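Novice: Take this structure, written in structure tokens, and hold onto it; I'll ask about it next.
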């Protein structure tokens, strides 16, 4: 596993390295007081990599360096974000991470080694970037008149909207207008 930030590269040299992926997929009960199994999708949350491995006792300077990158902050005082290179991370499309939750080091005297565990949380996930692009596109559609400061409607005409919705929607709209014409 390799982490990179600010032009500096750090290879995590743990023996028996295990990298585990966890994804939170929250759902909320939508049944109210009924017995329905319906749920509401809570979105796709950031993926988390849990890293576990051992570091030989003679490699104490590597542990010191690892603790320094765990504690590192950016110029704004936030945890340092690292570009990651790891087979598991690459497989699930994780490109940037930061240390989160707990960093745990235990001395294993019988092996003259340290057992090290930590978690890396995905920074700016693919889902988050996609959601941000959709928000930008929505904002671009509803522009603002700079002279008056009032919102300007989208330039789509009724005909363009009808073409976008499809035959079923247009048929239903026709029936709706026939039964209760809009004023």
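Numbering (the working numbering), first residue to last: 166 to 348. Glycine included, every Cβ here is placed at the ideal spot set by N, Cα and C. The model shown is predicted, which means the values in this text are computed figures rather than measured ones.
1) Can you give, in chain order, each stretch of the beta strand (DSSP E) that sits fully within the segment 228-298 and has at least 3 residues?
2) At the level of alpha carbons, what is the spacing between residue 331 and residue 341?
3) On a Cα-Cα basis, can you pick out the residue from 247, 215, 238 and 259 that is closest to residue 266?
4) Is the CB-CB distance between residue 282 and residue 222 below 8 Å?
5) Output the distance between the C-alpha atoms of residue 182 and residue 219, rounded to the nearest integer angstrom.
6) Tell me which residue opens and which closes the beta strand (DSSP E) that residue 206 is part of.
7) Inspect the beta-carbon positions of residue 249 and residue 186 and report whether they are closer than 8 Å.
8) Considering Cα atoms alone, identify which of 303, 178 and 247 is closest to residue 224.
9) Among 230, 212, 202 and 274, which one has its Cα closest to the Cα of residue 174?
10) How should residue 295 be labelled, buried or exposed, when 16 other C-beta atoms within 10 angstroms of its C-beta is the threshold for buried?
11) Using CA coordinates, which residue listed in 257, 252, 264 and 336 is at the minimum distance from residue 243?
12) Would residue 257 and residue 212 qualify as a contact pair, given that the criterion is a beta-carbon distance under 8 Å?
13) Using CA atoms only, rank isn't needed, just tell me which of 247, 301, 298 and 217 is closest to residue 284.
14) For the beta strand (DSSP E) holding residue 192, just list the boundary residues, first then last.
15) Which residues share a DSSP beta bridge with residue 170?
16) For the beta strand (DSSP E) that contains residue 179, what are its first and last residues?
17) Using a 10 Å radius around the Cβ and a threshold of 16 neighbouring Cβ atoms, would you call residue 259 buried or exposed?
Specialist: Looking at the atomic coordinates:
1) 247-250, 261-273 and 278-287
2) Along the chain shown, read from residue 1 onward, the residue named residue 331 stands at position 166. Along the chain shown, read from residue 1 onward, the residue named residue 341 stands at position 176. For residue 331 and residue 341, the distance between alpha carbons rounds to 15 Å.
3) The residue labelled residue 266 in the question sits at position 101 within the chain shown. For the residues 247, 215, 238 and 259, the minimum Cα distance to residue 266 belongs to 215.
4) To locate residue 282, count along the chain shown from 1; it is residue 117. To locate residue 222, count along the chain shown from 1; it is residue 57. For residue 282 and residue 222, no; Cβs fall outside 8 Å.
5) Working through the chain shown from its first residue, we reach residue 182 at position 17. Working through the chain shown from its first residue, we reach residue 219 at position 54. The alpha-carbon atoms of residue 182 and residue 219 are separated by roughly 7 Å.
6) Within the chain shown, the letter at position 41 stands for residue 206. Residues 204-206.
7) For the purposes of this step, residue 249 is identified with residue 84 of the chain shown, where counting begins at 1. For the purposes of this step, residue 186 is identified with residue 21 of the chain shown, where counting begins at 1. The answer is no: Cβ separation not under 8 Å.
8) Mapped onto the chain shown, residue 224 falls at position 59. It is 178.
9) Counted from its first residue, the chain shown places residue 174 at position 9. Minimum Cα distance to residue 174 is reached at 230.
10) Position 130 of the chain shown, counted from the first residue, corresponds to residue 295. Flag for residue 295 reads exposed.
11) In the chain shown, counting from the first residue as 1, residue 243 sits at position 78. When each option's Cα is compared against that of residue 243, the closest is 264.
12) Walking along the chain shown from the start, residue 257 turns up at place 92. Walking along the chain shown from the start, residue 212 turns up at place 47. Taking 8 Å as the Cβ cut-off, residue 257 and residue 212 qualify as a contacting pair.
13) For the purposes of this step, residue 284 is taken as the residue at position 119 of the chain shown. Considering only alpha carbons, the answer is 217.
14) The residue you call residue 192 lines up with position 27 of the chain shown. It spans 192-194 - the beta strand (DSSP E) in which residue 192 sits, taken as one unbroken run.
15) To locate residue 170, count along the chain shown from 1; it is residue 5. Residue 170 is bridged to 173.
16) Along the chain shown, read from residue 1 onward, the residue named residue 179 stands at position 14. Segment: none, residue 179 is in no beta strand (DSSP E) and carries neither H nor E.
17) Numbered from its first residue, the chain shown carries residue 259 at position 94. Burial call: buried.
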